[in-house]
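**Student:** What follows is a structure written as structure tokens; I'll ask about it next.
There are 2 protein chains.
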Amino acid sequence: MQAGVKPRIGMIGTGAIGGFYGVMLARAGFDVHFLLRSEFNAVAEGGLQVDSAVHGALALNPVQAYRSAAEMPPCDWLLVGAKTTSNAELAPVIRQAAAPGAKVLLLQNGLDVEEALRPLLPDSLHLLGGLCLICVHRAGPGVITHQALGAVNIGYHIGPCGDQAERMLIVEEAATLFRHAGIDAQAMADLQQARWQKLVWNVPYNGLSVLLGASTTPLMADAASRELIQALMREVVQGAQACGHHIAPGYADYLFAMTEKMPDYWPSMHHDHLHKRALELEAIYARPLAAAKAAGCALPKIEALYQALAFMDRHNR
Amino acid sequence: MQAGVKPRIGMIGTGAIGGFYGVMLARAGFDVHFLLRSEFNAVAEGGLQVDSAVHGALALNPVQAYRSAAEMPPCDWLLVGAKTTSNAELAPVIRQAAAPGAKVLLLQNGLDVEEALRPLLPDSLHLLGGLCLICVHRAGPGVITHQALGAVNIGYHIGPCGDQAERMLIVEEAATLFRHAGIDAQAMADLQQARWQKLVWNVPYNGLSVLLGASTTPLMADAASRELIQALMREVVQGAQACGHHIAPGYADYLFAMTEKMPDYWPSMHHDHLHKRALELEAIYARPLAAAKAAGCALPKIEALYQALAFMDRHNR
Numbered sequence: 001m002q003a004g005v006k007p008r009i010g011m012i013g014t015g016a017i018g019g020f021y022g023v024m025l026a027r028a029g030f031d032v033h034f035l036l037r038s039e040f041n042a043v044a045e046g047g048l049q050v051d052s053a054v055h056g057a058l059a060l061n062p063v064q065a066y067r068s069a070a071e072m073p074p075c076d077w078l079l080v081g082a083k084t085t086s087n088a089e090l091a092p093v094i095r096q097a098a099a100p101g102a103k104v105l106l107l108q109n110g111l112d113v114e115e116a117l118r119p120l121l122p123d124s125l126h127l128l129g130g131l132c133l134i135c136v137h138r139a140g141p142g143v144i145t146h147q148a149l150g151a152v153n154i155g156y157h158i159g160p161c162g163d164q165a166e167r168m169l170i171v172e173e174a175a176t177l178f179r180h181a182g183i184d185a186q187a188m189a190d191l192q193q194a195r196w197q198k199l200v201w202n203v204p205y206n207g208l209s210v211l212l213g214a215s216t217t218p219l220m221a222d223a224a225s226r227e228l229i230q231a232l233m234r235e236v237v238q239g240a241q242a243c244g245h246h247i248a249p250g251y252a253d254y255l256f257a258m259t260e261k262m263p264d265y266w267p268s269m270h271h272d273h274l275h276k277r278a279l280e281l282e283a284i285y286a287r288p289l290a291a292a293k294a295a296g297c298a299l300p301k302i303e304a305l306y307q308a309l310a311f312m313d314r315h316n317r
Numbered sequence: 001m002q003a004g005v006k007p008r009i010g011m012i013g014t015g016a017i018g019g020f021y022g023v024m025l026a027r028a029g030f031d032v033h034f035l036l037r038s039e040f041n042a043v044a045e046g047g048l049q050v051d052s053a054v055h056g057a058l059a060l061n062p063v064q065a066y067r068s069a070a071e072m073p074p075c076d077w078l079l080v081g082a083k084t085t086s087n088a089e090l091a092p093v094i095r096q097a098a099a100p101g102a103k104v105l106l107l108q109n110g111l112d113v114e115e116a117l118r119p120l121l122p123d124s125l126h127l128l129g130g131l132c133l134i135c136v137h138r139a140g141p142g143v144i145t146h147q148a149l150g151a152v153n154i155g156y157h158i159g160p161c162g163d164q165a166e167r168m169l170i171v172e173e174a175a176t177l178f179r180h181a182g183i184d185a186q187a188m189a190d191l192q193q194a195r196w197q198k199l200v201w202n203v204p205y206n207g208l209s210v211l212l213g214a215s216t217t218p219l220m221a222d223a224a225s226r227e228l229i230q231a232l233m234r235e236v237v238q239g240a241q242a243c244g245h246h247i248a249p250g251y252a253d254y255l256f257a258m259t260e261k262m263p264d265y266w267p268s269m270h271h272d273h274l275h276k277r278a279l280e281l282e283a284i285y286a287r288p289l290a291a292a293k294a295a296g297c298a299l300p301k302i303e304a305l306y307q308a309l310a311f312m313d314r315h316n317r
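Listed in order, the protein sequences are those of chains S and X. Start counting the first sequence at 1; every next residue gets the next number (UniProt numbering). Start counting the second sequence at 1; every next residue gets the next number (UniProt numbering).
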């Protein structure tokens with residue numbers, strides 16, 4: 001970040017994630033511009049509202065809201081809160097809204113979510129990934145409920161930075177943006193490692209919320225689902241290790257214990273299923289399974305869960 | 001079977017299985033007595049009706065129907081069509097209805113279903129198990145729809161027969177009863193082997209009908225569920241082999257292809273779930289998993305399926 005000059009931030013996709021972090025950044029004094037689709041009218045008129053159990057009731061009104069990227073000013077940072085299922089379609093949007101040399105940060109779960117986008121972006125753009133450990137959901141048009149947590153782990157994917165030191169400067173710059181907004185952020189040396197680490201949570205809870213129609217509290221209260229969650233977590237750790245990414249011993253136990261202390265939470269995949277939207281099965285299940293398999297590692301329970309979810313997803317739409 | 005003398009048969013539990021085989025046996029001239037609970041009045045008044053795609057519309061009226069085993073005459077054969085979940089409670093019922101030296105045939109799926117019952121029965125009673133490969137369901141009180149198939153594989157569990165030759169005579173006697181009624185029946189040398197063999201079908205289809213809320217036709221039409229079914233079948237075969245039971249190569253493929261040709265079918269576990277009855281998870285999942293584990297064989301996909309079903313079952317009642 002240039003001293004004294006706050007970068008202009010564009011939020012691509014203003015759902016629960018984009019809305020929460022966008023409002024937090026705007027309230028910290030950043031010049032944040034929001035791209036919206038179905039909720040444009042509601043937000044242009046009524047602003048954005050975050051009901052946060054951590055930060056209180058936050059309102060942003062007026063909002064710099066746009067219907068199309070062509071109307072947005074050139075942004076130094078583009079934060080992408082849209083679903084991974086639409087990444088390839090986002091390339092023209094990002095190209096339109098990006099200032100020269102802009103940094104693009106995908107706030108998305110799953111593995112290899114940058115791959116679809118990278119070849120469609122100019123080489124001069126930096127591409128980063130951010131993993132959000134947060135309990136947040138849309139309560140209505142322009143209204144976001146933030147239940148707990150909020151930390152972001154950020155890593156560099158690929159772009160004009162040649163060496164690791166230069167990359168880490170960009171990653172630290174991203175982490176600093178969030179910290180200025182009162183959000184815990186961590187610069188990660190290895191984005192793939194960060195993505196695998198986040199999968200330890202997403203693989204069990206996202207899928208089981210759909211498969212069993214259950215939020216975290218009942219899932220954590222039943223002996224059978226607890227065993228299944230822990231077995232799925234162990235498989236993610238095995239997959240990560242087979243792919244050369246070290247997950248700290250005890251990390252799965254930490255996430256498990258954290259979930260036990262969380263307020264009752266419905267993961268985003270449940271909301272997608274409920275609203276008959278495509279589930280993020282590629283990023284969260286298919287690609288980790290394929291990567292582990294290529295490394296000679298079978299993940300049978302994750303595979304069974306993926307197959308069951310694929311069936312449900314196809315019959316839901 | 002003594003020449004010229006048809007044995008008296010008692011049917012314990014007159015649901016879809018008990019009703020179908022009981023009507024078939026009664027219409028073949030056997031003296032069949034039916035124990036009923038909630039459907040006693042309907043059947044005592046209106047008889048039993050089997051709408052069979054194979055045998056046509058069959059009616060049995062009047063029916064020798066009983067509210068309690070104490071009223072039944074002593075039976076030479078007792079066929080048990082009740083759920084495995086109530087086996088321990090069946091012992092007094094069986095003792096009351098059994099003639100001296102009677103043969104008890106459990107028409108039930110799953111592993112070790114005889115174990116709960118055997119210590120509660122007199123040593124003089126023979127205990128056998130029968131695996132029914134049949135598409136049949138209750139359409140209403142006393143009304144049974146038979147969609148397809150019907151063969152029964154029968155084996156000897158334990159009882160007064162000392163040697164294998166003597167046991168096989170009893171098993172052949174049971175098979176002959178069914179054949180007299182126009183039903184394909186097979187005497188199996190090893191009941192445990194027959195039970196594992198039947199699990200190759202029950203483990204995938206029973207569980208997935210509940211987990212995915214889907215009958216056989218949609219399950220067989222989707223690439224992901226087909227793969228999952230085949231993977232679950234492979235694990236059952238592995239479990240059987242680890243426990244020393246040989247499943248013929250190609251047997252799983254045969255069942256898979258057979259299911260593809262069957263009319264659309266909802267397995268019994270789906271009906272149990274729908275009516276908020278206990279699922280037969282012990283017999284069909286927990287015991288096979290435990291047996292395989294004791295033999296050093298992990299069955300991870302079956303275990304994941306079992307854990308998911310255990311969660312659903314507990315939240316359904």
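Glycine included, each C-beta is placed from N, C-alpha and C at the ideal position. Given the structure is predicted, the values throughout are model-derived calculations rather than measurements.
1) Could you say which of S:SER209, S:ILE247, S:ALA248, S:ALA242 lies nearest to ILE229 (chain S) if we only look at CA atoms?
2) Could you tell me the alpha carbon to alpha carbon distance between ALA308 (chain X) and LEU289 (chain X), rounded to whole angstroms?
3) Cα-Cα, which of S:PRO218, S:GLN49, S:LYS6 is closest to PRO62 (chain S)?
4) With distances taken between CB atoms, is the gap from ALA278 (chain S) to THR85 (chain S) smaller than 8 Å?
5) According to DSSP, simplified to helix, strand and coil, what is ALA148 (chain X)?
6) Just confirm the distance between the C-beta atoms of LEU79 (chain X) and GLY142 (chain X), as a whole number of angstroms; I'd bet it's less than 8 Å.
7) Give the secondary structure of SER52 (chain S) by DSSP, where H, G and I count as helix, E and B as strand, and everything else as coil.
8) Taking just the CA atoms, how far does ASP31 (chain X) sit from SER68 (chain X)?
9) Taking the alpha helix (DSSP H) that LYS293 (chain X) falls in, what are its first and last residues?
10) DSSP has LEU169 (chain S) in a bridge; who is on the other side?
11) Please report the residue range of the beta strand (DSSP E) in which PHE34 (chain X) lies.
12) Taking the alpha-carbon of ILE144 (chain S) as reference, which of S:ASN41, S:GLN238, S:GLY47, S:GLU282 has the nearest alpha-carbon?
13) What residues match up with ARG138 (chain X) in a beta bridge as DSSP calls it?
14) So if I threshold CB-CB distances at 8 Å, which residues from the stretch 186-211 of chain X count as touching chain S?
15) Just to confirm, are LEU191 (chain X) and GLY129 (chain X) a CB contact at a threshold of 8 Å?
16) Along chain S, which residues have their Cβ under 7 Å away from the Cβ of PRO267 (chain X)?
17) Within the same chain, show all residues whose beta-carbon is closer than 6 Å to that of GLN108 (chain S), passing over the 5 residues directly before and after it, in chain order.
18) For GLY150 (chain S), which residues of its own chain have a beta-carbon under 7 Å away from its beta-carbon, when the five flanking residues on both sides are left out?
19) Cα-Cα, which of X:HIS126, X:ILE9, X:LEU177 is closest to PRO160 (chain X)?
20) So is GLN307 (chain X) in contact with chain S if we call contact Cβ pairs under 8 Å?
21) Going by DSSP, which residues form a beta bridge with GLN186 (chain S)?
22) So, helix, strand or coil for LYS83 (chain X), using DSSP?
23) CB ILE284 (chain X) to CB GLU235 (chain X), shorter than 8 Å?
24) Taking Cβ positions, are TYR251 (chain X) and GLN186 (chain X) nearer each other than 8 Å?
25) Along chain S, in chain order, which residues have C-beta atoms closer than 7 Å to that of LEU228 (chain X)?
26) Taking Cβ-Cβ distances shorter than 8 Å, what residues in chain X pair up with LYS301 (chain S)?
27) When the Cα of ILE170 (chain X) is compared with those of X:TYR156, X:ILE12, X:ALA181, X:LEU212, which residue comes out closest?
28) As a quick exercise: from S:ASP313, S:GLU172, S:HIS137, pick the residue whose alpha carbon is nearest that of ASN153 (chain S).
29) With burial defined as no fewer than 16 other Cβ atoms inside 10 Å of the residue's Cβ, what is the status of ARG317 (chain S): buried or exposed?
30) Assuming LYS261 (chain X) is part of the alpha helix (DSSP H), what are its boundary residues?
31) Indicate the three-state DSSP secondary structure (helix, strand or coil) for VAL200 (chain S) in the structure shown.
32) Verify the CB distance criterion: does SER225 (chain X) have a CB-CB separation below 8 Å to chain S?
33) Alpha carbon to alpha carbon, what distance is there between GLY81 (chain S) and GLU114 (chain S)?
34) Along chain S, which residues have their Cβ under 7 Å away from the Cβ of ARG234 (chain X)?
35) So, is the C-beta of MET220 (chain X) closer than 8 Å to a C-beta in chain S?
36) Looking at the C-beta of PHE311 (chain X), does it have a partner C-beta in chain S at a distance below 8 Å?
**Tutor:** Let's see:
1) S:SER209
2) 14 Å
3) S:GLN49
4) yes
5) strand
6) The pair is not a contact, with the Cβ atoms about 17 Å apart (cut-off 8 Å).
7) strand
8) 18 Å
9) 287-294
10) Partner(s): none; LEU169 (chain S) has no beta bridge.
11) 31-35
12) S:GLY47
13) X:ILE144
14) LEU208, LEU211
15) yes
16) Going along chain S, no residue has its Cβ under 7 Å from PRO267 (chain X), so there is no contact; the nearest lies around 16 Å.
17) THR84
18) VAL54, ILE134, ILE183, ASP184
19) X:HIS126
20) yes
21) S:ASN153
22) coil
23) no
24) no
25) ALA304, GLN307, ALA308
26) PRO300, LYS301, GLU303, ALA304
27) X:TYR156
28) S:GLU172
29) exposed
30) 251-261
31) helix
32) yes
33) 13 Å
34) What ARG234 (chain X) touches in chain S: nothing, since even the nearest Cβ is about 11 Å away.
35) no
36) yes
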